[in-house]
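These notes are about the structure you will find just below.
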Amino acid sequence: MEAMPGLNFRPGHGVQKAIFERFGCPVSPLEFSRTQFFLVASFGRCKFQLSKFSVGLLLQATIGGSASAFGVFHLAPRVFRFSVSSRSVGFHVSKLISFECAAYKVYFHLWSHGGPRWQSELAAFTKEEEDSWSEARKQAKGKAQRSFAEIVKSC
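Heads up, the sequence shown is in the numbering used here, so the first residue is 92 and it goes up one at a time.
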């Protein structure tokens, strides 16, 4: 078992209580449950080493539920998939957007069509950045080119 000293479970108890009062169901899926909804958790920073086990505990501390029931799956560095008990719980958690404390910062994303959208979002961002740049060209022949010093002197 990994040591996670100082981990505060109070925020998770509050979220868990709100979810149960609103939807009448637990945060994490029950054992052998067919109804589960996948989300993605990405960590901006964390004082703990991230693993399936530690991410489960961080999720429990953040949104309640049971660490072992989240079924945490590693997707990429600092990015993990996990499941909650229902679609309504999943949308509630995703609307939290993020949670931050002294020990870590976690962002919640929808799983979306069987996978996270970050790859398509990165491709769109990269294309937009490439399109925003224009190539520098030399001035046409016949026009006098002035140096920076000459331009400054004329001001």
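Beta carbons are placed, not taken as given, at the ideal position from N, Cα and C, and that holds for glycine.
Contact set for residue i: own chain, Cβ-Cβ below 6 Å, skip 5 residues either direction
i	result
Q107	V118 and G155
A194	K138
L201	S185
S179	F114
Cβ shell of residue i (< 7 Å), same chain only, five flanking positions each side left out
i	result
P102	A152, T153 and F190
V184	L130, I154, V175 and F199
H104	G155
G247	Here the chain covers residues 92 to 246 and nothing more, so residue 247 does not appear.
E112	none
Boundaries (first-last residue) of the alpha helix (DSSP H) holding residue i
i	result
L141	From DSSP, L141 is part of no alpha helix (DSSP H); its letter is neither H nor E.
F114	R101 to F114
For residue j and residue i, believed in contact at Cβ under 8 Å, the rounded distance
i	j	result
L148	A158	5 Å
L150	F161	5 Å
Simplified DSSP state of residue i, which is helix, strand or coil
i	result
R172	strand
V131	strand
V243	helix
F161	helix
A167	strand
S189	strand
M92	Because the pLDDT at M92 is just 44, under 50, the model does not fix this residue reliably, and the point stays unresolved.
L121	coil
G156	coil
L98	coil
Cutoff 8 Å: residue i Cβ touching any chain D Cβ
i	result
R172	The structure shown contains no chain D; it is built from a single protein chain.
Beta-carbon contacts of residue i that lie in its chain and below 8 Å, excluding the five residues immediately before and after
i	result
I188	Y198 and F199
K196	F134, G135, R136, C137, S189 and F190
### Task
Decide if the region 165 to 176 is in contact with the region 112 to 132; the criterion is three or more beta carbon pairs, one per stretch, under 8 Å apart.
The region 165 to 176 is in contact with the region 112 to 132.
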